[in-house]
Each structure stands twice: as C-alpha cells, then as structure tokens.
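*Asks:*
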Amino acid sequence: MSETLRIEDRGTHLLATLDRPEKRNAIDQELVDALHALCARLEVERRTLVLAGAGGSFAAGADIAQLRERRAPDALAGINTRCFQRIRALPMPVIAVLDGYALGGGAELAYAADIRIGTPTLKIGNPETGLGIIAAAGATWRLPQIVGDALASEMLLTGRILGADEALAAGLVSAVLEPEAALARATELAERVAALDPAATQATKRALLAPAHEHPRIELSEQAVLFESDEKMRRMTDFLERRGRSSGNRPAERGSADTSPGETNSAPSSAAATSRADTDQEQR
C-alpha cells in the first residue's frame, strides 16, 4: 500500500486521497505508481472513484525536484500523461473534490475527472510555461473541451490561475462548497450513480468520451446492446408497475386513469356542450 495515496472502500465507491500534505500533494513517481495500481483495481471492480487531497490542497503540481531531472526520453514516455489517460478512461465516473491548489499536473489530474466540485479556496490553472515547460498531460486538449478555446488559451498561454468563483462561472467545477460539504456532495453523487444501471452508466461515459465523428453511431450501438439487456427489462417493468400502483391509489381527478402523460381530457362533456349550444341559439 502506498503512503502517498490513501484508499477507503466506501462500498458504493472508492475514496482516494492524495496524501503528501507537506508537499501540497505534489505528484511524484510514487504517487503515479499508486494511481496506476488504483486504476488496475477499478478497471476490474468498476465502481465510481472520488479523488481528494489531504491538508487543504488537491495537488499543487508535479514534484519539481523530480521534474527538473527529467530529460527527453522521460517526456516521450508520458509519465503523467499515461496515468491521467488511464484515470480518464476508467469505466465508471471519476469525481474530483478540488480544495485549495490544483495547479500544473494537479490541474491536469482534475481535468481527467468526469465531475469536479470546488471549495472556496480553490486555485486552479497551469503555470508550466513559467518553469520552461508546457502542460503536456492533457491540458492542451481537455481544458478547451471544458471551458472553451478562448479561456483555455488565455490560461495556458499566460499562466492565468482561476479562483473558485471564476472556475464555477467557466464550468470548470459544477459547485463550490465548503470542504466537508464538497466531499459530502461527491459521496452523494457516487451513491446516486451506484443506484443506477452500471451497464447504462458505462455506456453513457463511453459515448461522452467518444470523438465527434463517432456520433451518433456510438449512441445507437450502445443503445442496441442495452435494449436487449435483462436489466433494462427489469427496471422498466418495475417502473411501469410502480406507476400502475400509484395511479390506482390516487383519487380520480380530471380525466381517466388511462390518460397518458401530457394528455388532458379537454373536450367538453356532451351535456355541457348541449347547454352552451342552446344558450347560443336563444341569443341569436
């Protein structure tokens, strides 16, 4: 077990906490190795992953002492890139709780998540060019997909760091909450996912990650598989039975119990129609 990544089995999901608080959870080789091991587990177990950081930071970037010593072969090996790609490709959702610093490689790890929740102290961005390198672990293609080309270009080319409110306005995080509430929201979302059909959730994630030229083919092919599944039949049968019981217990109001959603029995009764016709005739 790694000392830099704490993993808690919460039943419905795994909570993985980056645990190098003395280094603001800077991503070193040991942490990368631990994340790969975690991915290997989740590729088999297929549960939602919640990522968080200890000590008031998510991850302040890569470990600069290690990064300084890396050379061209290390860059081509894509040490962080391959790790974050693997996290992005996990079959079930990845939820990141971003407290404090999420910079450089820490930001790129956050970009690999499906859902991001911030705290009021969040500072997120990519200052790599100030260190003589580029953000090469996903920022140049993932960040534009998240916030759009204009803001992504400004952030990557100038090193602009966003605060929590700016990140929320840009859609980089879906909510800003105090740290405990942010983790509680992530837990709530993970539990909600666990109540859904895992096959449908995984198919949805594959469709979301597919390149533009794969649509709509991928949705149709995924749906074709799900249409034949026993779980789809079970869930839809349960839904219809619940609706039937609910309809049977409600007192009759306007319209019959057979009225479909969106339909109304708007035609007047024959007696009312006749009465109005007689009144009209008398007034003529």
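Numbers given in this note's numbering equal positions in the sequence shown, counted from 1, plus 758. Yeah, the Cβ is synthetic: ideal placement off N, Cα and C, and Gly gets one too.
(1) Quick check on the DSSP output: the beta strand (DSSP E) that includes residue 882 runs from which residue to which?
(2) Going by DSSP, what residue range makes up the beta strand (DSSP E) through residue 813?
(3) Any idea if residue 771 is buried or exposed, counting beta-carbon neighbours within 10 angstroms, 16 or more meaning buried?
(4) Is it right to say residue 851 is buried, meaning 16 or more other beta carbons lie within 10 angstroms of its own, or is it exposed?
(5) Let me confirm a value: residue 857 is counted as buried when at least 16 other C-beta atoms fall within 10 Å, else exposed. Which label applies?
(6) Given a threshold of 16 other Cβ atoms within 10 Å of its Cβ, counted over all protein chains shown, does residue 991 qualify as buried or as exposed?
(7) Quick check: the Cα distance between residue 956 and residue 984, rounded to an integer number of angstroms?
(8) State buried or exposed for residue 979, treating a residue as buried only when at least 16 other CB atoms are found within 10 Å of its CB.
(9) Please name the residue or residues paired with residue 806 in a DSSP beta bridge.
(10) How would you write the range of the beta strand (DSSP E) that residue 856 sits in, first residue to last?
(11) Decide if residue 995 is buried, meaning its Cβ has at least 16 other Cβ atoms within 10 Å, or exposed.
(12) For residue 882 and residue 890, what's the separation of their Cα atoms in angstroms?
(13) Rounded to whole angstroms, what is the Cα-Cα separation between residue 1017 and residue 1000?
(14) Return the chain-ordered ranges of every alpha helix (DSSP H) run that is complete within the region 909-940 and spans a minimum of 4 residues.
(15) What is the C-beta distance between residue 778 and residue 793, in whole angstroms, given that I count them as a contact (C-beta under 8 angstroms)?
(16) Looking at C-alpha atoms only, which residue of 917, 915, 823 and 935 is the closest neighbour of residue 923?
(17) For residue 972, count the other beta carbons within 10 Å of its own beta carbon; 16 or more makes it buried, fewer makes it exposed. Which is it?
(18) Determine the extent of the alpha helix (DSSP H) in which residue 863 is found, giving its start and end residues.
(19) Examine the Cβ distances between the region 901-911 and the region 834-851 and report whether three or more of them are shorter than 8 angstroms.
(20) Quick check on the burial criterion: 16 or more other C-beta atoms within 10 angstroms. Buried or exposed for residue 816?
*Replies:* Considering the structure as presented:
(1) Here residue 882 refers to the residue found at position 124 of the sequence shown. Counting along the chain, the beta strand (DSSP E) containing residue 882 begins and ends at 881-883.
(2) As a working mapping, residue 813 is identified with position 55 in the sequence shown. Where residue 813 is concerned, there is no enclosing beta strand (DSSP E), given that its DSSP letter is neither H nor E.
(3) Along the sequence shown, read from residue 1 onward, the residue named residue 771 stands at position 13. The residue is buried, with at least 16 neighbouring Cβ atoms inside 10 Å.
(4) Mapped onto the sequence shown, residue 851 falls at position 93. It is buried - the Cβ of residue 851 has at least 16 other Cβ atoms within 10 Å.
(5) Within the sequence shown, the letter at position 99 stands for residue 857. Residue 857 should be labelled buried.
(6) Position 233 of the sequence shown, counted from the start, is the residue given in the question as residue 991. Exposed: under 16 other Cβ atoms inside 10 Å.
(7) Sequence index remark: in the sequence shown, residue 956 carries index 198 (1-based). Sequence index remark: in the sequence shown, residue 984 carries index 226 (1-based). Their Cα atoms are separated by approximately 11 angstroms.
(8) Counted from its first residue, the sequence shown places residue 979 at position 221. The residue is exposed, with fewer than 16 neighbouring Cβ atoms inside 10 Å.
(9) As a first step, residue 806 is located in the sequence shown; it is residue number 48 there, counting from the start. Per DSSP, 771.
(10) Here residue 856 corresponds to residue number 98 of the sequence shown, with the count starting at 1. Where residue 856 is concerned, the enclosing beta strand (DSSP E) stretches over 852-856.
(11) Within the sequence shown, numbered from 1, the residue matching residue 995 stands at position 237. Exposed: under 16 other Cβ atoms inside 10 Å.
(12) Indexing the sequence shown from 1 puts residue 882 at position 124. Indexing the sequence shown from 1 puts residue 890 at position 132. One C-alpha to the other measures close to 19 angstroms.
(13) For the purposes of this step, residue 1017 is taken as the residue at position 259 of the sequence shown. For the purposes of this step, residue 1000 is taken as the residue at position 242 of the sequence shown. With a pLDDT of only 40 at residue 1017, under the threshold of 50, the placement of this residue in the model should not be trusted; the figure read from the coordinates follows. Straight-line Cα distance between these residues: approximately 16 angstroms.
(14) 922-927
(15) One-based indexing of the sequence shown puts residue 778 at position 20. One-based indexing of the sequence shown puts residue 793 at position 35. Not quite, the Cβ-Cβ distance comes to about 13 angstroms (not below 8 angstroms), so this is no contact.
(16) By 1-based counting over the sequence shown, the position of residue 923 is 165. Comparing Cα-Cα distances from residue 923 to each of 917, 915, 823 and 935, the minimum goes to 935.
(17) Position 214 of the sequence shown, counted from the start, is the residue given in the question as residue 972. Classification for residue 972: exposed.
(18) In the sequence shown, residue 863 corresponds to position 105, counting from 1. It spans 863-869 - the alpha helix (DSSP H) in which residue 863 sits, taken as one unbroken run.
(19) no
(20) For the purposes of this step, residue 816 is identified with residue 58 of the sequence shown, where counting begins at 1. Looking at its Cβ environment, which holds 16 or more other Cβ atoms inside 10 Å, residue 816 is buried.
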